[in-house]
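Numbering (the working numbering), first residue to last: -9 to 235.
Below, the structure written as structure tokens:
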């Protein structure tokens, strides 16, 4: 995108520029709006960046003058291959009508800075020039923010799965406990019925079979326990007394 300070300006195209607090066109990709017109946006960009390539680009020559004439507050020369000097990042600040070197890459007017960051970007591992905050924390890209959110969602899903697994485990333990209790109740009932059977047999002879069949339908262990005690102690005078408790 070219920068134009007035209508008959031939324009200049930086590699990167930053302009805050403006309203751009929603159809910025359309050819007729691929220009930054100072009179439409009401201001020049806040920062321009030139990336030095093997081909000569006059980054420290005519462009210093050109951007100063456009009244751009900060001018940055990024020289990753060190073609111009041993300094990878050179920063200039507008002072009067010309630029003076700046000792750091912090732009107080826009509350942003630049830093060299080592990491992976678009599947390439290397050193990258990135925007940062006052603590030199890089400003995350949209993809990085989305990746972090996805990681958080994935973490929450994992936690929920673990929670569900714990609940399932507890349910299994409760079921096992209930099964053990049920098994124990069955054993107790069998023991009580055996005691009742012995008592009835002694008291009523063959008649006990019909009585025991009715008693076997009872699931209340306390009632069975009471019947067993009565049978053992021979407290029934006849079979109807047994069934009536």
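For every residue, glycine included, the Cβ atom is placed at its ideal position computed from N, Cα and C. Note that the structure is a prediction, hence the values are computed from the model and not measured.
Inter-residue Cα distance where the pair is residue i and residue j
| i | j | result |
| --- | --- | --- |
| residue 216 | residue 170 | 24 Å |
| residue 173 | residue 181 | 12 Å |
| residue 50 | residue -6 | 21 Å |
| residue 28 | residue 12 | 11 Å |
| residue 214 | residue 150 | 46 Å |
| residue 137 | residue 47 | 37 Å |
| residue 75 | residue 68 | 11 Å |
| residue 159 | residue 200 | 45 Å |
| residue 142 | residue 45 | 45 Å |
| residue 163 | residue 153 | 15 Å |
| residue 96 | residue 146 | 37 Å |
| residue 40 | residue 66 | 6 Å |
| residue 166 | residue 118 | 59 Å |
Span of the beta strand (DSSP E), counted from its first residue to its last, around residue i
| i | result |
| --- | --- |
| residue 38 | 37 to 41 |
| residue 6 | 6 to 8 |
| residue 222 | Element bounds for residue 222: not the beta strand (DSSP E) but the alpha helix (DSSP H), 211 to 222. |
| residue 88 | 88 to 92 |
Endpoints, alpha helix (DSSP H) assigned at residue i
| i | result |
| --- | --- |
| residue 153 | 132 to 194 |
| residue 33 | It is not in any alpha helix (DSSP H) - residue 33 carries neither H nor E in the DSSP assignment. |
| residue 54 | 52 to 59 |
Residue from the options whose Cα sits closest to the Cα of residue i
| i | options | result |
| --- | --- | --- |
| residue 188 | 28, 223, 80 and 211 | 223 |
| residue 100 | 168, 10 and 109 | 10 |
| residue 5 | 30, 57 and 115 | 57 |
| residue 176 | 209, 112, 52 and 30 | 209 |
| residue 43 | 61, 63, 92 and 78 | 78 |
Contacts around residue i, its chain only, beta-carbon distance under 6 Å, and the 5 residues preceding and following it disregarded
| i | result |
| --- | --- |
| residue -8 | 1, 3 and 25 |
Residues of its chain near residue i, where Cβ-Cβ distance is below 8 Å and the 5 sequence neighbours each way are ignored
| i | result |
| --- | --- |
| residue 206 | 183 |
| residue 186 | 202, 205, 214, 217, 218 and 221 |
Residue-level contact to chain C via CB, residue i, 8 Å cutoff
| i | result |
| --- | --- |
| residue 29 | No chain C is part of this structure, which consists of one protein chain only. |
Meets three-Cβ-pair contact criterion under 8 Å: the segment 21 to 37 and the segment 83 to 90: The answer is no - the segment 83 to 90 does not touch the segment 21 to 37, with fewer than three Cβ pairs under 8 Å.
Count the C-beta pairs between the segment 85 to 104 and the segment 119 to 139 that are closer than 8 Å, then say yes if the count reaches three, no if not. Here the segment 85 to 104 makes contact with the segment 119 to 139; the two share three or more CB pairs at distances below 8 Å.
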